[in-house]
Amino acid sequence: MGNADIAAGDTTQDAGQAWHALGAQAALDAFESGNDGLSADEAARRLARHGANALPPPPRRHPALRFLSQFNNTLIYFLLAASVAAWALSHVVDAGVIVAVVLVNAIVGFIQEGKAEQALDAIRYMIAPKASVMRDGRRVSVPAAALVPGDMVLLEAGDQVPADLRLTRTRALLIDEAILTGESVAAHKSEEPVADDAPLGDRFSMAYSGTLVAAGQGAGVVVATGMGTEIGHISRLIGQVETLTTPLLRQINDFGRRFTGIAIAIAALLFAFAILVRAYAWDDALLVVVALAVGVVPEGLPAVITITLAIGVRRMAARHAIIRRLPAVETLGSTSVICSDKTGTLTRNEMTVRRIVTAEGEVTLDGVGYEPAGALVKDGEPCAAPPQVAASLARCGLLCNDAVLTQGPDGQWRSEGDPMEGALVAAAMKAGLSPEDERAGRRRIDEIPFDARHRFMASLHEGPEGAAVWLKGAPEQVMAMCREEATEDGTRPLDEAGWAGRIAAAASEGERVLGFAWRPAPGESRLSMEGVGEGLVFLGIAGFIDPPREEALAAVAECRSAGIAVKMITGDHGATAAAIARQLGLADDPIVVTGAELEAVSDADLPTLARETSVFARTNPEHKLRIVRALQSEGAIVAMTGDGVNDAPALKQADVGIAMGRKGTEAAKQASEMVLVDDNFATIVAAVHEGRTVFDNIRKVIAWTVPTNGGEALAIIVAIVAGLTLPMTPAQILWINMVLTVTLGLVLAFEPAEPDVMQRPPRRPGAPLLSAFLVWRIALVSLLFVAGAFGIFGWAMWRGLDVDTARTMVVNTMVVMEIFYLFNVRYMHTVSISWRGIMGTPIVLAALGAVTAAQLAFTYAPFMNALFSSRPVPLLDGLLIVAIGIALLLILEAEKTFMRRTGLMDRLGD
Numbered sequence: 007m008g009n010a011d012i013a014a015g016d017t018t019q020d021a022g023q024a025w026h027a028l029g030a031q032a033a034l035d036a037f038e039s040g041n042d043g044l045s046a047d048e049a050a051r052r053l054a055r056h057g058a059n060a061l062p063p064p065p066r067r068h069p070a071l072r073f074l075s076q077f078n079n080t081l082i083y084f085l086l087a088a089s090v091a092a093w094a095l096s097h098v099v100d101a102g103v104i105v106a107v108v109l110v111n112a113i114v115g116f117i118q119e120g121k122a123e124q125a126l127d128a129i130r131y132m133i134a135p136k137a138s139v140m141r142d143g144r145r146v147s148v149p150a151a152a153l154v155p156g157d158m159v160l161l162e163a164g165d166q167v168p169a170d171l172r173l174t175r176t177r178a179l180l181i182d183e184a185i186l187t188g189e190s191v192a193a194h195k196s197e198e199p200v201a202d203d204a205p206l207g208d209r210f211s212m213a214y215s216g217t218l219v220a221a222g223q224g225a226g227v228v229v230a231t232g233m234g235t236e237i238g239h240i241s242r243l244i245g246q247v248e249t250l251t252t253p254l255l256r257q258i259n260d261f262g263r264r265f266t267g268i269a270i271a272i273a274a275l276l277f278a279f280a281i282l283v284r285a286y287a288w289d290d291a292l293l294v295v296v297a298l299a300v301g302v303v304p305e306g307l308p309a310v311i312t313i314t315l316a317i318g319v320r321r322m323a324a325r326h327a328i329i330r331r332l333p334a335v336e337t338l339g340s341t342s343v344i345c346s347d348k349t350g351t352l353t354r355n356e357m358t359v360r361r362i363v364t365a366e367g368e369v370t371l372d373g374v375g376y377e378p379a380g381a382l383v384k385d386g387e388p389c390a391a392p393p394q395v396a397a398s399l400a401r402c403g404l405l406c407n408d409a410v411l412t413q414g415p416d417g418q419w420r421s422e423g424d425p426m427e428g429a430l431v432a433a434a435m436k437a438g439l440s441p442e443d444e445r446a447g448r449r450r451i452d453e454i455p456f457d458a459r460h461r462f463m464a465s466l467h468e469g470p471e472g473a474a475v476w477l478k479g480a481p482e483q484v485m486a487m488c489r490e491e492a493t494e495d496g497t498r499p500l501d502e503a504g505w506a507g508r509i510a511a512a513a514s515e516g517e518r519v520l521g522f523a524w525r526p527a528p529g530e531s532r533l534s535m536e537g538v539g540e541g542l543v544f545l546g547i548a549g550f551i552d553p554p555r556e557e558a559l560a561a562v563a564e565c566r567s568a569g570i571a572v573k574m575i576t577g578d579h580g581a582t583a584a585a586i587a588r589q590l591g592l593a594d595d596p597i598v599v600t601g602a603e604l605e606a607v608s609d610a611d612l613p614t615l616a617r618e619t620s621v622f623a624r625t626n627p628e629h630k631l632r633i634v635r636a637l638q639s640e641g642a643i644v645a646m647t648g649d650g651v652n653d654a655p656a657l658k659q660a661d662v663g664i665a666m667g668r669k670g671t672e673a674a675k676q677a678s679e680m681v682l683v684d685d686n687f688a689t690i691v692a693a694v695h696e697g698r699t700v701f702d703n704i705r706k707v708i709a710w711t712v713p714t715n716g717g718e719a720l721a722i723i724v725a726i727v728a729g730l731t732l733p734m735t736p737a738q739i740l741w742i743n744m745v746l747t748v749t750l751g752l753v754l755a756f757e758p759a760e761p762d763v764m765q766r767p768p769r770r771p772g773a774p775l776l777s778a779f780l781v782w783r784i785a786l787v788s789l790l791f792v793a794g795a796f797g798i799f800g801w802a803m804w805r806g807l808d809v810d811t812a813r814t815m816v817v818n819t820m821v822v823m824e825i826f827y828l829f830n831v832r833y834m835h836t837v838s839i840s841w842r843g844i845m846g847t848p849i850v851l852a853a854l855g856a857v858t859a860a861q862l863a864f865t866y867a868p869f870m871n872a873l874f875s876s877r878p879v880p881l882l883d884g885l886l887i888v889a890i891g892i893a894l895l896l897i898l899e900a901e902k903t904f905m906r907r908t909g910l911m912d913r914l915g916d
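Be aware that the sequence shown starts at 7, since it is given in this note's numbering, and climbs by one per residue.
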């Protein structure tokens, strides 16, 4: 096998090759290539050997299997069993509704599943469709899929890099690698090798597939194609991540299994007892037991949970959050950690000049982003115009600059060009300079473009005062070219030590710093590297920052008050990330860990580090995955936000992946459960608020459904065991079940949030669906229902009323108690007896009206009397039934108040 076969052969064989640390010529030699590229015949041979430069499609499940898998859920089995029971009792309407719910659930799940396949598809589409290459010494355009290792690719501004390249030639080449590194500023590229252990964002000699050329030109040899590229590596990571079951689904399934087992066991024992001990005929016993099972099984619970989640989705959509999977709504509500990308999520992804520092002092600039609005502040006081040297620095930043600011139809200002140069244009406009007038009045006649080797840009302009050179670049490089510094009175010797301190102070606050200089250039018409620095005068420095979103500050504060930790995971430098973290208030004293430090930490020690660290800097996709998994290993419910391809694996691994809608890549969106339409971190807080409300409402549904069903069932069980007359017939049990399931059973799904919903800590991931408080409440309410049923039945018999009338009173008592209990359970954490509580919501009042109408028909309509053996109830007895409901409400309000004031509610885990 030849050298090219070894180097350019199997991509997995050379996955560990550090091409960025190898010299450009050495890389060309390794692939038996050169500046003229490969021959067409050799390219064809390598294409046959290595395959197309494309990501392979993922394996697909057959649609029929995907659809059938939607039925593999305990509660769906629960529903189907309830529908069979209802059908067996000729309760066709109930059975039909249940089957419809099952089908709707299956269809929705079928449509929304497959996010891993969609994420892989989205990444495949990021491969550039065409590429400019050298073949047989000529420049040709070929499909990107036809690229092979050893091809010489030519890059220009606006190109999408078609494969992973080792750069061999660069000219002012800037590449936007935000989708891979999270860096908000385009990376300056060079053909010079870098350290073997350089992180992804510091590999200046490489250009990676899927990134964008922001400016300049370059050429590079293809070192990896298809799955061998960095994007291909991310694709493998996504394929290796398993989709998690949400906490709600885990708990509902567990609850369903336990409840089903208990219900079947009790039904079997009761059936045997009725036949063997109470001498029931087997068909009568079966009819009672089946009716009892239909009554006790909360068959409406899955439907109500689905509706509750769907309502949460609708509310979130109104607040600019699109939910792709229903259970993600609840999972957001139990989120305990949010891992957020910095650039564009917590920050604006728009560079801003924060300060201008000259020998005479410092001027700070208000405003954020590219909008040229904001006051100038010197010594704590606003100033109408900048001091003379600061104005010269602003002019230097405007003239030695290729960016243009434009205002779109939406009123937003955008930078066409390098983000830092756009920020300099905005700063100059804040200083009162007009870009059009300045550039027209001081025409550029020559320039030296920025290059990573000399680390500065210089431009020669002809202006009213004659020709002048304006220069900007790395501050230490600019200072090395100067001997003097500018003052209001002229110049003086450069104070290098003083400037070093000012630069260090700006850098410690996370600012990127540029230095500026100028000199008169009478008679010059061309710039040269040798003469550009002669006589330069140092003007000062400008500090840049990608500012935090204003709304993110409040959002982070609210997350902390809600007990949710926010962790920043970014590809940016540690100092910059730490400064943003302090401004956002992620922690009182944020701990910063870099990707290199993270790699030295074992998996066993990582959970502790991940829990204590607020900022992870210079990270790559593997780091993000390790962090999310480490947090999950300690039971945290993790939400991950992001917008780049580099975020996709962690988005999929997280319990809730949250992608940015405007600036997010399609890969990130497809890997996520939720997409923020407005790219606003504050929307996440709104989503958490809605998620907590959803779970509260689900708990209320369970707290209302289970004890009311349990009270009905317990009354029948007590009657059979004690040998008493049944207080309700099987048909009447089914009537209560039907009329309340489609009315009161649904209204709790529409409840608004309780006032303290964001003042509580996140729900523990391992907390049972039925907390100790809910178990106590279920037991108490069930016993109160039994007492009410037998109490009114005994009262009716004592008064000499017939059994049918007594049973009718029991049915009405059950319904009235369920109505009053609904008003109690609407507010689990505050008092229910208030004007707001009594008035209810429109849907509660509508349901109450429907139930009242149905019960009046059940009691007084002759055809209903014939169907259900019901009888008219005297007025005074009707008032007594209402009084029983009021008494139930008062008892439960007193119990709730006692539990809250003694702290028992918190200790019992509500």
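All C-beta atoms, glycine included, are put in the ideal place defined by N, C-alpha and C.
Keep in mind that this is a model prediction, so the values were computed, not measured.
Hey, residue i and residue j: beta-carbon distance below 8 Å or not?
i    : j    : result
T349 : N355 : yes
A587 : A688 : no
P526 : A492 : no
D35  : M140 : no
A169 : L153 : yes
I825 : L790 : no
I570 : T341 : yes
E189 : D594 : no
Along the beta strand (DSSP E) that carries residue i, what are the first and last residues, could you check?
i    : result
E387 : 387-389
S2   : Any answer about residue 2 is impossible in this case: the structure gives the chain only from 7 up to 916.
L218 : 218-230
T647 : 644-648
L612 : Segment 612-618 is the alpha helix (DSSP H) holding L612; no beta strand (DSSP E) there.
E422 : 419-422
Here's the rule: buried if 16 or more other CB atoms are within 10 angstroms of the residue's CB, otherwise exposed. What is residue i?
i    : result
T908 : exposed
E471 : exposed
R449 : exposed
H629 : buried
S788 : buried
A128 : Note that A128 has pLDDT 47, beneath the 50 cutoff, so the model's placement of it is unreliable and the number below is only indicative. The residue in question, A128, is buried, as its Cβ has 16 or more Cβ neighbours within 10 Å.
I844 : exposed
T576 : buried
N78  : exposed
P499 : exposed
DSSP state of residue i, grouped into three classes?
i    : result
V319 : helix
D165 : coil
L910 : helix
R920 : What the structure shows of the chain is the stretch from 7 to 916, and residue 920 is not part of that stretch, so it cannot be assessed.
L160 : strand
S75  : helix
A201 : coil
G843 : helix
S567 : helix
I597 : coil
G717 : helix
G667 : coil
M734 : coil
P767 : coil
C402 : helix
R331 : coil
M929 : Only positions 7 to 916 of the chain appear in this structure, which leaves residue 929 out of reach.
Return the first residue and the last residue of the alpha helix (DSSP H) that residue i is part of.
i    : result
M426 : 425-436
Along the chain, which unbroken stretches of the alpha helix (DSSP H) at least 4 residues long are found entirely within the segment 494-563?
Correct list: 502-514.
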